[in-house]
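These protein sequence lines are chains W and A, in that order.
Basically this note's numbering = 1-based index in the first sequence + 18.
Basically this note's numbering = 1-based index in the second sequence + 1.
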Amino acid sequence: MAKEYGEVQLFGVGGSPYARRVRIALEMKGVQYTYFEEDLRNKSDLLLKYNPVHKKVPVLVHNGKPLAESLVILEYIDDTWGNHPILPQQPYDRALAQFWSRFIDDKCLPAITKAAFTANKEERDNSAEESLEALQFLENELKHKFFGGETIGLVDIAAGFIAFWLPAIEEAVGLKLLSCEKFPKLHKWGQEFTNHPVVKENLPPRDKLVGFFKARYASITASK
Amino acid sequence: MAASQEEVTLLGVTGSAFVCRVQIALKLKGVEYKYVEENLGNKSDLLLKYNPVYKKVPVFVHNEKPIPESLVIVEYIDETWKHNPILPSDPYQRALARFWSKFIDDRVVGAAWKAVYTVDEEEREKNVEESFEALQFLENELKDKKFFGGEEFGLVDIAAVYIAFWIPIFQEIGGLELFTSENFPKLYKWSQEFVNHPVVKESLPPRDPVFAFLKRRYESLSASK
């Protein structure tokens, strides 16, 4: 079944949850693409040309046209390649999917990051509280095997950080947020998600990730 | 233009740019709706029930199904009432519209507010610079188009109502010369076109009460120095 994909390029970084989101979506849809690994300390001219506004990864370039911001890219991928849809059909369900994926980026991820990587203990504790509140909202929202129903969708892909990166952070810094006692559904979802055949192939090596987070934690707490 | 009896409600506060975005979209589509004015100092049970996550306005309720977050609401309105489209039909153009409206929320809204409503001078200056940089990106993106959406206004224009109506108010209150026709000739011209568009004009709140409210807020901030 030959499909006309055009030329698809993805600029990313191996450990970035945002870049991995895009890879998962492309691979679920069977889209052929060329991947470019960036060095964020020495950004390529191409990256700066394609994302002058934020200078970040991921950047998707389709037939020479660049796009930045992972959630924007995911919706574009879904609009362009119709197989294995990642957004629901009904407008209301689509709106909820957009709402929850933005919630993950605007509330969850920043709170979790601050709960681990802040020098000040009081701030860390406050962020841990916020993270638990945010995770509770997701726990309550999860009604099926995945946020997308029986198959993974936009919210699952966005929440990949919680399934894989969060446990790595927890191990690296000695934090416990996603316990299976407090969040049984979310905990189980995390395991289903990371074992999904497409996701499994698209996760960075765990020990490297833990090492990276350990180093980050050390540099923050050392500068107290 | 609804074929069946539709129940459409908007929870908001007068003077909110985010609520205004939704009102513009509804006016453009000619959708009749019930408006509920919230008191943010004493939030209604309805608001807390419909937006437990953020407890904020706007919240849009269609046939008892609630949606918060202004840009999510505007997209939903566009998908539900299909005439006078707000988003382009081409996937790449749609993605760009989403990118730039997100950019406005991430890089303009906060910085522009803090460029005036910050006591610490260094912090304030930093935000002025960030606002300037962000507006410059938008100036370049507008190019020679009448609206960000082309001949007709679209998602990005609606998101940017904050720039067209609210930033000039902050500037006047704070004595800031940020968004001017000298600094941003295209964006400034756009803002005049946009606020004078009949649909937008009818959706904007009356300027004086908004100005008075924001000025009181500014004064209480400087008083607490």
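Positions of the beta carbon are idealized from the N, C-alpha and C atoms, including for glycine.
**Message:** Whole angstroms are fine: how far does the CA of residue 102 of chain A sit from the CA of residue 172 of chain A?
**Reply:** Here residue 172 of chain A refers to the residue found at position 171 of the second sequence. Here residue 102 of chain A refers to the residue found at position 101 of the second sequence. Straight across, the Cα-Cα distance linking residue 172 of chain A with residue 102 of chain A is about 22 Å.
**Prompt:** What residues in the region 90-103 of chain A bring their beta carbon closer than 7 Å to a beta carbon of chain W?
**Reply:** The region 90-103 of chain A vs chain W, Cβ under 7 Å: 92, 93, 95, 96, 99, 100 and 103.
**Request:** Could you tell me whether the Cβ of residue 23 of chain W comes closer than 8 Å to any Cβ of chain A?
**Result:** By 1-based counting over the first sequence, the position of residue 23 of chain W is 5. Using a Cβ-Cβ cut-off of 8 Å, residue 23 of chain W does not count as an interface residue toward chain A, since no Cβ of chain A sits closer than that to its own.
**Item:** Cross-chain neighbours of residue 83 of chain W in chain A, by beta carbon under 7 Å
**Value:** If you number the first sequence from 1, residue 83 of chain W lands on position 65. Within chain A, the residues near residue 83 of chain W are 93.
**Asked** Could you give the residue range of the alpha helix (DSSP H) that holds residue 212 of chain W?
**Response** Start at 1 with the first residue of the first sequence, and residue 212 of chain W comes out as number 194. Where residue 212 of chain W is concerned, the enclosing alpha helix (DSSP H) stretches over 202-213.
**Prompt:** Can you give the Cα-Cα distance for residue 126 of chain A and residue 64 of chain A, rounded to whole angstroms?
**Reply:** Taking the second sequence and counting its residues from 1, the one referred to as residue 126 of chain A is at position 125. Taking the second sequence and counting its residues from 1, the one referred to as residue 64 of chain A is at position 63. C-alpha of residue 126 of chain A to C-alpha of residue 64 of chain A: approximately 46 Å in a straight line.
**Asked** Between the region 154-180 of chain W and chain A, which residues of the former have a C-beta closer than 8 Å to a C-beta of the latter?
**Response** Across the region 154-180 of chain W, CB contacts with chain A closer than 8 Å involve 155, in sequence order along the chain.
**Message:** Would residue 10 of chain A pass as an interface residue toward chain W - the criterion being a Cβ-Cβ separation below 8 Å?
**Reply:** Position 9 of the second sequence, counted from the first residue, corresponds to residue 10 of chain A. Residue-level contact by beta carbon fails for residue 10 of chain A and chain W, as no gap is shorter than 8 Å.
**Asked** Excluding five sequence neighbours on each side, which residues of the same chain lie with their C-beta closer than 6 Å to the C-beta of residue 65 of chain W?
**Response** Against the first sequence, residue 65 of chain W aligns to sequence position 47. Within the same chain, 29 and 56 come within 6 Å of residue 65 of chain W by CB-CB distance, once the 5 residues on both sides are set aside.
**Asked** In the DSSP assignment, what are the bridge partners of residue 63 of chain A?
**Response** As a working note, residue 63 of chain A is residue 62 in the second sequence. A/9 and A/66.
**Prompt:** Going by the beta-carbon positions, is the gap between residue 16 of chain A and residue 206 of chain A smaller than 8 Å?
**Reply:** Locating residue 16 of chain A in the second sequence gives position 15, where the first residue counts as 1. Locating residue 206 of chain A in the second sequence gives position 205, where the first residue counts as 1. Taking 8 Å as the Cβ cut-off, residue 16 of chain A and residue 206 of chain A qualify as a contacting pair.
**Asked** What does a CB cutoff of less than 7 Å around residue 266 of chain A pick up in its chain, not counting 5 residues either side in sequence?
**Response** Outside the shown range of chain A, which is 2 to 226, sits residue 266 of chain A, and nothing can be said about it.
**Prompt:** If we ignore side chains and look at the alpha-carbon of each, how far apart do residue 24 of chain W and residue 97 of chain W end up?
**Reply:** Mapped onto the first sequence, residue 24 of chain W falls at position 6. Mapped onto the first sequence, residue 97 of chain W falls at position 79. The alpha-carbon of residue 24 of chain W is positioned some 15 Å away from that of residue 97 of chain W.
**Request:** Starting from residue 110 of chain W, find everything on chain C with Cβ-Cβ shorter than 8 Å and list it in chain order.
**Result:** Going by chain labels, chain C is absent from the structure shown, which instead holds the protein chains W and A.
**Message:** Beta-carbon within less than 6 Å of residue 29 of chain A's beta-carbon, same chain only, minus the 5 sequence neighbours each way: which residues are those?
**Reply:** Here residue 29 of chain A refers to the residue found at position 28 when the second sequence is read from its first residue. Cβ within range, chain order: 85 and 200.
**Asked** For residue 162 of chain W, is the classification buried or exposed, using 16 other Cβ atoms within 10 angstroms of its Cβ as the cut-off for buried?
**Response** In the first sequence, the residue the question calls residue 162 of chain W occupies position 144. The residue in question, residue 162 of chain W, is exposed, as its Cβ has fewer than 16 Cβ neighbours within 10 Å.
**Message:** Could you pull the DSSP bridge partners for residue 30 of chain W from this structure?
**Reply:** Translated into the one-based positions of the first sequence, residue 30 of chain W becomes position 12. For residue 30 of chain W, which the question treats as bridged, DSSP gives the partners W/55.
**Prompt:** Helix, strand or coil: how does DSSP classify residue 38 of chain A here?
**Reply:** On the second sequence, position 37 is the one that residue 38 of chain A refers to. Three-state DSSP puts residue 38 of chain A in a strand.
**Prompt:** Mind checking residue 81 of chain W: buried by the 16 CB within 10 Å criterion, or exposed?
**Reply:** For the purposes of this step, residue 81 of chain W is taken as the residue at position 63 of the first sequence. Per the 10 Å Cβ criterion, exposed.
**Message:** Under DSSP, the beta strand (DSSP E) around residue 86 of chain W begins and ends at which residues?
**Reply:** For this step, residue 86 of chain W is matched to residue 68 along the first sequence. Boundaries of the beta strand (DSSP E) harbouring residue 86 of chain W: 83-86, taken from the DSSP string.
**Separation of residue 9 of chain A from residue 33 of chain A, as counted between CA atoms** = As a working mapping, residue 33 of chain A is identified with position 32 in the second sequence. As a working mapping, residue 9 of chain A is identified with position 8 in the second sequence. Between residue 33 of chain A and residue 9 of chain A, the alpha-carbon positions lie close to 7 Å from each other.
**Simplified DSSP state of residue 54 of chain A, which is helix, strand or coil** = Within the second sequence, the letter at position 53 stands for residue 54 of chain A. Collapsing the DSSP output to three states places residue 54 of chain A in coil.
**Asked** Which whole-angstrom value describes the C-beta separation of residue 78 of chain A and residue 27 of chain A, a residue pair presumed to lie in contact below a C-beta threshold of 8 Å?
**Response** As a first step, residue 78 of chain A must be located in the second sequence, where it is residue number 77. As a first step, residue 27 of chain A must be located in the second sequence, where it is residue number 26. Correct: roughly 6 Å between the Cβ atoms.
**Prompt:** Under 8 Å Cβ-Cβ, which residues of chain W neighbour residue 203 of chain A?
**Reply:** What you label residue 203 of chain A is simply residue 202 of the second sequence in a count that begins at 1. Near residue 203 of chain A there are no residues of chain W at all, since even the closest Cβ is about 25 Å away, more than 8 Å.
**Request:** Please go through the same chain and pick out, in chain order, the residues whose beta-carbon is closer than 8 Å to the beta-carbon of residue 38 of chain W, but skip the five residues on each side of it.
**Result:** The residue you call residue 38 of chain W lines up with position 20 of the first sequence. The residues are 30, 178, 220, 221 and 222.
**Request:** Can you grab the Cα-Cα spacing for the pair residue 153 of chain W / residue 214 of chain W, in whole Å?
**Result:** Translated into positions along the first sequence, residue 153 of chain W becomes position 135. Translated into positions along the first sequence, residue 214 of chain W becomes position 196. Rounded to whole angstroms, residue 153 of chain W to residue 214 of chain W spans 21 Å at the Cα level.
**Request:** Compute the distance between the beta-carbons of residue 163 of chain A and residue 105 of chain A, then report whether it is under 8 Å.
**Result:** Reading the second sequence from its first residue, position 162 is the one you call residue 163 of chain A. Reading the second sequence from its first residue, position 104 is the one you call residue 105 of chain A. Cβ atoms of residue 163 of chain A and residue 105 of chain A: closer than 8 Å.
**Asked** Can you find a C-beta in chain A that's less than 8 Å from the C-beta of residue 120 of chain W?
**Response** Taking the first sequence and counting its residues from 1, the one referred to as residue 120 of chain W is at position 102. Yes, residue 120 of chain W counts as interfacial toward chain A.
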